[in-house]
Amino acid sequence: MGEKLLAVNIDFVLPAPFHRSVTSRPDSSAVDLERKVSSAAGRVAGCVAVTFSNSAEVAKTRMQLQGEFVRVKDGGRTGKVYRNVHDVLAKTWTNEGIRGTPRGLGPTYFYRVALNGCRLGLYEPLRKWSNARLGCSPAQQVVLTSMAMGAGSLSTVVGCELPSLVLSSELLAATGTVHAWHAFATVVRMEGAKGLLRGWDAAVLRGAIGGSVRGGSD
496 MGEKLLAVNI DFVLPAPFHR SVTSRPDSSA VDLERKVSSA AGRVAGCVAV
546 TFSNSAEVAK TRMQLQGEFV RVKDGGRTGK VYRNVHDVLA KTWTNEGIRG
596 TPRGLGPTYF YRVALNGCRL GLYEPLRKWS NARLGCSPAQ QVVLTSMAMG
646 AGSLSTVVGC ELPSLVLSSE LLAATGTVHA WHAFATVVRM EGAKGLLRGW
696 DAAVLRGAIG GSVRGGSD
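All letters in the sequence shown, in the order written, are residues 496 to 713 by the numbering used here.
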């Protein structure tokens, strides 16, 4: 009798917790925590990446602005300032020291934190909302909504953070600005507030293209 009662109790007690664990829905707080951790990790990863790649960004920017740096002597051009990437880095180190290659990191950090945080925190809710409007499951990957929301979220962030890009470019190009606040004051004094939005159309277009490709490849 005791063995039968023990068997009945085991059969009655064990399936109940197991059944609840299978049918229970994910805790919303756990989902929110995962989203916050993902957003924070994206921001940190973006900052770490630009820390190591900023010297290459300095070289790229100055090579692209080669025409602005051509030396002029006696009314004629005497040749290019930089021959190649290695020459850019060598002359930057010689003329500006250790502070030359990390120029523009401050605005770049600000831009990357906002870009990665908003892209990771904005894209997914917009994609799920669009799926719901089309009658699709929020978890389903629909190419149309993924590309549209990827383009919309990234272009929006790029447009809002454009002043940071402008200040970073001013510092990278060695236009005589010393730090971010000096670059800000110089741009506003020379061009007014609209100078902080310089190149907004190209930046938004670039963000839309990049966002649509990233969203479509998810």
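Heads up, the beta-carbon is just placed ideally off N, CA and C, and yes, glycines get one too.
Could you please give the first and the last residue of the uninterrupted alpha helix (DSSP H) stretch that includes residue i?
| i | result |
| --- | --- |
| lysine 586 | 580-591 |
| glycine 599 | No alpha helix (DSSP H) holds glycine 599; DSSP gives it neither H nor E. |
| glutamate 665 | 657-667 |
Going straight from the alpha carbon of residue i to that of residue j, what length do you get?
| i | j | result |
| --- | --- | --- |
| lysine 575 | serine 524 | 59 Å |
| alanine 680 | leucine 666 | 12 Å |
| leucine 720 | alanine 678 | Residue 720 falls outside the range modelled here, since the chain spans only 496 to 713, and no answer is possible. |
| tryptophan 695 | alanine 634 | 33 Å |
| lysine 554 | proline 597 | Checking the sequence shown, residue 554 turns out to be alanine, not lysine. Answer to the nearest angstrom: the Cα atoms are 11 Å apart. |
| leucine 662 | glycine 599 | 7 Å |
| alanine 536 | valine 637 | 25 Å |
| tyrosine 618 | methionine 558 | 34 Å |
| threonine 478 | asparagine 549 | The chain is shown only over 496 to 713; residue 478 falls outside these bounds and no answer can be derived. |
| valine 682 | leucine 629 | 45 Å |
| glutamine 561 | aspartate 582 | 12 Å |
| leucine 584 | tyrosine 577 | 9 Å |
| leucine 639 | glycine 710 | 9 Å |
| arginine 530 | cysteine 631 | 22 Å |
| methionine 685 | phenylalanine 605 | 23 Å |
| valine 517 | valine 652 | With a pLDDT of 40 at valine 517, under the threshold of 50, the predicted position of this residue should be treated as unreliable, though the coordinate-derived value follows. One C-alpha to the other measures close to 39 Å. |
| leucine 621 | arginine 538 | 19 Å |
| valine 532 | serine 641 | 22 Å |
| serine 664 | leucine 528 | 35 Å |
| serine 659 | valine 543 | 18 Å |
| phenylalanine 547 | valine 580 | 16 Å |
Run the proximity test for residue i: is its beta-carbon closer than 6 Å to any non-hydrogen atom belonging to the ligand NAD?
| i | result |
| --- | --- |
| glutamate 656 | Among the ligands in the structure shown, none appear at all, so the ligand NAD cannot be discussed. |
Go ahead and pull the three-state DSSP assignment for residue i.
| i | result |
| --- | --- |
| glutamate 686 | helix |
| cysteine 631 | coil |
| tyrosine 604 | helix |
| lysine 531 | helix |
| leucine 560 | coil |
| valine 714 | Absent from the model: residue 714. The displayed extent of the chain is 496 to 713, so no value can be given. |
| phenylalanine 507 | Only weak support is given to the placement of phenylalanine 507: the predicted model assigns it a pLDDT of 43, under 50, and the value that follows is read from those uncertain coordinates. Helix. |
| tryptophan 695 | helix |
| glycine 647 | helix |
| glycine 595 | coil |
| valine 708 | helix |
| tyrosine 577 | coil |
| valine 543 | helix |
| valine 637 | coil |
Residue j and residue i - do their beta-carbons sit closer together than 7 Å?
| i | j | result |
| --- | --- | --- |
| threonine 587 | glycine 595 | yes |
| valine 545 | arginine 607 | yes |
| alanine 609 | leucine 657 | no |
| alanine 668 | threonine 556 | yes |
| glycine 616 | serine 534 | yes |
| asparagine 611 | glycine 654 | no |
| alanine 551 | glycine 601 | no |
Q) Does the segment 642-649 come close enough to the segment 694-704 that 3 or more CB-CB pairs lie under 8 Å? A) yes
Q) So does the segment 618-625 actually touch the segment 686-693, counting three or more Cβ pairs closer than 8 Å? A) no
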